[in-house]
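Chemist:
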Amino acid sequence: MSRATCYWLMKVEPAAYTIDQLERDRTTTWEGVRNYKARNYLRDEIKVGDGVLFYASNADPSGVVGIAQVVRDGYPDPYQFKRGHKYHDPKSTESDPRWYAVDIRLVEKFMRVVSLAELKATRALKNMMVTQRGARLSIQPVTKSEFDAVRQMGHPRATQ
DNA sequence: GCCAACGTTGGC
DNA sequence: GCCAACGTTGGC
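The C-terminal residue of the first sequence carries number 209 in this note's numbering, and the numbering is unbroken.
1. Run the CB neighbour count on ALA65, radius 10 Å, all protein chains shown included, and call it buried at 16 or more, exposed below.
2. Please classify VAL119: is it buried, with 16 or more other beta-carbons within 10 angstroms of its beta-carbon, or exposed?
3. Does DSSP classify ILE68 as helix, strand or coil?
4. Consult DSSP for PRO125 and reduce its assignment to one of helix, strand or coil.
5. Assess, as a yes-or-no matter, whether the segment 166-173 is touched by the segment 78-93 under the definition of 3 or more beta carbon pairs within less than 8 angstroms.
6. What ranges does the beta strand (DSSP E) occupy inside the segment 108-170, keeping only unbroken runs of at least 3 residues that lie completely in it?
7. Quick check on GLN181: does DSSP put it in helix, strand or coil?
8. Please report the straight-line C-alpha distance between SER111 and GLU157, rounded to a whole angstrom.
9. Apart from the five residues on each side of it in sequence, which residues of its chain come closer than 7 angstroms, Cβ to Cβ, to GLN129?
10. How many Å lie between ASN89 and LEU186 at the Cα?
11. Hey, MET177 and VAL163 are a contact pair by Cβ (cut 8 angstroms); roughly how many whole angstroms apart?
12. How long is the line joining the alpha carbons of GLY98 and VAL113, rounded to whole angstroms?
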């Protein structure tokens, strides 16, 4: 039996990847995460079926732009072994990989950006990690109620 | 193991 | 572009 669905927020800068690209790709590998806390989530906690808030950081405005779903559990990030690649890590070995990735699939692109300012102004989201000062972690756990609230904010017409 | 220096993130 | 926050590195 699998555990209950968990929810996550994953950040990416538009210069690196966008939800429009995910729309075209349908599925993508969430690779290049080089932070140990985020790595632990990828390796140990993020599972197939989990919900993902796709967050565009360093954007105008920054915010959640859609929903994705995990379609492959954590596995060693292939780029850590690619010499010359910007994600190459010479200290990582195939037998003891340091970095992990998951695969995600687009579920829906929001009709509008749910901006960080809006998230911060929403009382129900006052404890959400991304609204806290200095929350730089690129993968963050999200509660179901936070996930549902943000999803509704992205689809104002659909919930009328 | 401490901690200063340095690098990165990311909002503004 | 600035800079606060935070993570990592490396000398000791």
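Glycine included, C-beta positions come from ideal geometry on N, C-alpha and C.
Modeler: With the given structure in hand:
1. exposed
2. buried
3. helix
4. strand
5. no
6. 112-125, 149-164
7. coil
8. 18 angstroms
9. TYR136, HIS137, ASP138, SER141, PRO146, ARG147, TRP148
10. 12 angstroms
11. Contact flag wrong, Cβ pair sits at about 11 angstroms.
12. 19 angstroms
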